[in-house]
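Notes follow the structure.
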């Protein structure tokens with residue numbers, strides 16, 4: 058079902074580069090209704106996008122810049138923010154400017170409409186899809202679902218372990234897998250990510266009492282320090298002065314209590330460091346989930362996600 062790719066993934070493909078290599082290929086793409094991708098060079102004062110087509114330039118008129126531009130449900134910042142980035146479009150026609158140069162008239166909106174009609178409108182809660190990190194804010198991540206159409210991944214749905222900012226987990230342009238959490242009456246989609254990162258038991262199985270392992274200090278409380286062992290697993294160490302959130306640490310695993318979802322830790326050392334984030338480990342490759350239970354069966358407290 059997921060045939061519509063996020064913007065930026067096809068611009069360098071041989072097929073796309075061939076289309077951009079000559080005016081005749083652009084004319085053929087226009088006749089075929091092909092989806093093409095190229096870089097936006099500027100957004101003029103009327104919010105028309107000028108596109109670098111290699112052998113000529115193209116113009117995406119303001120009204121063709123995105124779904125929702127005409128009715129005001131999408132703001133002009135959606136166009137301005139595309140400058141110097143790849144955009145997808147169809148070629149509507151060709152014209153000539155005042156210098157008798159040929160240029161193409163393009164529509165990004167048409168590609169987004171196809172994506173909405175044939176892909177996004179068919180998504181349901183629980184569907185697992187791939188998406189591209191487009192933009193990050195303190196409250197969450199905007200994901201390109203396809204053709205530049207965005208959905209929101211709230212920060213508290215990224216992982217079980219709480220983080221100060223999405224950049225702790227992701228980088229711009231990164232492809233990730235997410236679960237459709239909800240779809241509102243306007244068709245806006247909210248996603249979740251933590252259900253793909255494993256249950257408490259799946260994560261805890263990677264560790265054993267008596268081991269000393271790496272961790273990241275996530276929060277300091279007066280009753281202790283929470284240390285993240287994996288994105289979906291954290292343990293509690295006794296409070297110690299001088300340790301700050303974001304520190305890397307070496308921690309000794311004192312005990313693990315599945316019936317209480319508790320891991321008791323001792324901080325051996327805590328220090329500042331800049332280590333690259335490890336690759337995301339997904340515990341499932343399914344394309345739909347109805348229910349996910351984080352808590353162990355032996356635990357009286359049930360933590361779960363259900364998708365209707």
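Numbering (this note's numbering), first residue to last: 58 to 365. Quick reminder that beta carbons are idealized off the backbone N, C-alpha and C, glycines included.
Using the beta-carbon count (16 or more within 10 Å), is residue i buried or exposed?
| i | result |
| --- | --- |
| residue 296 | exposed |
| residue 218 | buried |
| residue 231 | exposed |
| residue 163 | buried |
| residue 46 | Given a span of 58 to 365 for the chain in the structure shown, any question on residue 46 remains unanswerable. |
| residue 359 | exposed |
| residue 89 | exposed |
| residue 143 | buried |
| residue 250 | buried |
| residue 200 | buried |
| residue 196 | exposed |
| residue 291 | buried |
| residue 298 | exposed |
| residue 343 | exposed |
| residue 325 | exposed |
| residue 242 | exposed |
| residue 262 | exposed |
| residue 279 | exposed |
| residue 174 | exposed |
| residue 108 | buried |
| residue 121 | buried |
| residue 226 | buried |
| residue 134 | exposed |
| residue 365 | exposed |
| residue 156 | exposed |
| residue 330 | exposed |
| residue 167 | buried |
According to the Cβ coordinates, are residue i and residue j closer than 7 Å?
| i | j | result |
| --- | --- | --- |
| residue 327 | residue 306 | yes |
| residue 112 | residue 80 | yes |
| residue 289 | residue 357 | no |
| residue 176 | residue 61 | yes |
| residue 268 | residue 275 | no |
| residue 136 | residue 172 | no |
| residue 208 | residue 347 | no |
| residue 351 | residue 256 | yes |
| residue 355 | residue 315 | yes |
| residue 193 | residue 224 | yes |
| residue 169 | residue 106 | no |
| residue 366 | residue 148 | The structure shown has nothing for residue 366, since the chain only spans 58 to 365. |
| residue 131 | residue 97 | no |
| residue 237 | residue 180 | yes |
| residue 117 | residue 93 | no |
| residue 281 | residue 308 | no |
| residue 84 | residue 103 | no |
| residue 318 | residue 266 | no |
Round the Cβ separation of residue i and residue j to the nearest angstrom and send it over; I've been treating them as touching at under 8 Å.
| i | j | result |
| --- | --- | --- |
| residue 335 | residue 188 | So it is not a contact: roughly 20 Å between Cβ atoms. |
| residue 253 | residue 114 | Contact doesn't hold; Cβ gap of about 42 Å is too wide. |
| residue 323 | residue 264 | Not a contact, Cβ separation roughly 14 Å. |
| residue 91 | residue 110 | Actually they are not in contact, since the Cβ atoms of residue 91 and residue 110 sit about 13 Å apart, beyond 8 Å. |
| residue 345 | residue 235 | Between residue 235 and residue 345 the Cβ distance is about 13 Å, and since that is not below 8 Å, they are no contact. |
| residue 165 | residue 205 | 7 Å |
| residue 152 | residue 160 | 6 Å |
| residue 190 | residue 228 | 7 Å |
| residue 277 | residue 300 | 7 Å |
| residue 212 | residue 337 | Not really, about 16 Å apart at Cβ, beyond 8 Å. |
Going by the DSSP bridge assignment, what does residue i pair with across the sheet?
| i | result |
| --- | --- |
| residue 181 | Note: residue 181 sits in no beta bridge, so no partner. |
| residue 361 | 350 |
| residue 46 | Outside the modelled stretch of the chain, which goes from 58 to 365, sits residue 46, for which no answer is possible. |
| residue 323 | 309 |
| residue 239 | 247 |
| residue 66 | Its beta-bridge partners do not exist; DSSP assigns none. |
Uninterrupted alpha helix (DSSP H) stretches inside the stretch 132-169 (no shorter than 4 residues): 134-137
If you scan the stretch 248-294 from start to end, which runs of the beta strand (DSSP E) of 3 or more residues do you find wholly inside it? 269-278, 281-287, 290-294
Which runs of the alpha helix (DSSP H), 4 residues or longer, sit entirely within the stretch 77-130? 80-89
Which whole runs of the beta strand (DSSP E) in the stretch 184-235 are 3 residues long or more, in chain order? 185-194, 197-203, 206-211
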